[in-house]
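To start, the structure itself, in structure tokens.
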Amino acid sequence: MTLRNDALEASIRYDGSARSLQLIASAATALSSFEGEAAAAGEGHVLTGPLSTANAKALQAAFPALRPQKIGGHRTSIGTGDRTGLATPGQARAFATQGAGVMPVLAQQSIREMDRLGRNAQSVMDDAIFGLVEAGWDSGFGADCDHIKTTEGIDR
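The opening residue of the sequence shown carries number 0 in numbering that gives the first Met the number 0; numbering runs sequentially from there.
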């Protein structure tokens, strides 16, 4: 699937077991905030880059729907969380077909789970963003770090 705006087309590509970000733009300047290998392609430009924090943040700047939103304006929200960083595309597709009116909380993981899985808040967010791009999701989502019990947890 693909996520599009006026300047960019973003998708996640698989090459064997590796995943990468692919961006297509008519102007090379639209790709300047992204990491990766850029090249001219036909009348446009293509960039293939890593699934990095820098690219996740650049995607959030380019696509507002990839920034977590406040849940307060929605009647119903459902926290699914993606414990391993692999389920978000399927979760987003399920919300797209069956979740009308529901705000999904897709970037959701507790401090305890992050510790057990060797993750951190940024990696949880990055995985959610790339999963949403893979699903072509443009409807917004929430983020939550549950069960914070210490100020150290808040700081993290």
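Yeah, the Cβ is synthetic: ideal placement off N, Cα and C, and Gly gets one too.
Residue 104 is positioned such that its CB atom lies closer than 8 Å to that of residue 143.
Around the beta carbon of residue 90, a 10 Å sphere encloses 16 or more other beta carbons of the protein chains shown; the residue is thus reported as buried.
In the DSSP assignment, residue 76 falls within the beta strand (DSSP E) that extends over 75-78.
For a cut-off of 8 Å, the C-beta gap from residue 106 to residue 123 is around 5 Å, short enough to register as a contact. Residue 16 and residue 69 have their alpha carbons spaced roughly 35 Å apart. Going by DSSP, residue 95 is part of the alpha helix (DSSP H) stretching over 87-97.
Between residue 34 and residue 49, the C-beta gap is smaller than 8 Å, which places the two residues in contact.
With a beta-carbon spacing of about 6 Å, residue 52 and residue 121 fall inside the 8 Å limit used to define contacts. For residue 46, the secondary structure class from DSSP, reduced to helix, strand or coil, is strand. Just so you know, the alpha carbons of residue 29 and residue 7 end up roughly 7 Å apart. In the displayed model, residue 36 falls within a strand according to three-state DSSP. The criterion of a C-beta distance shorter than 8 Å is not satisfied by residue 129 and residue 67.
DSSP places residue 154 in the uninterrupted alpha helix (DSSP H) bounded by 150-154. Under the DSSP assignment, residue 12 falls in the beta strand (DSSP E) whose first and last residues are 7-14. In the DSSP secondary-structure assignment, residue 101 is bridged to 75. Counting only the Cα atoms, residue 44 lies some 32 Å from residue 94.
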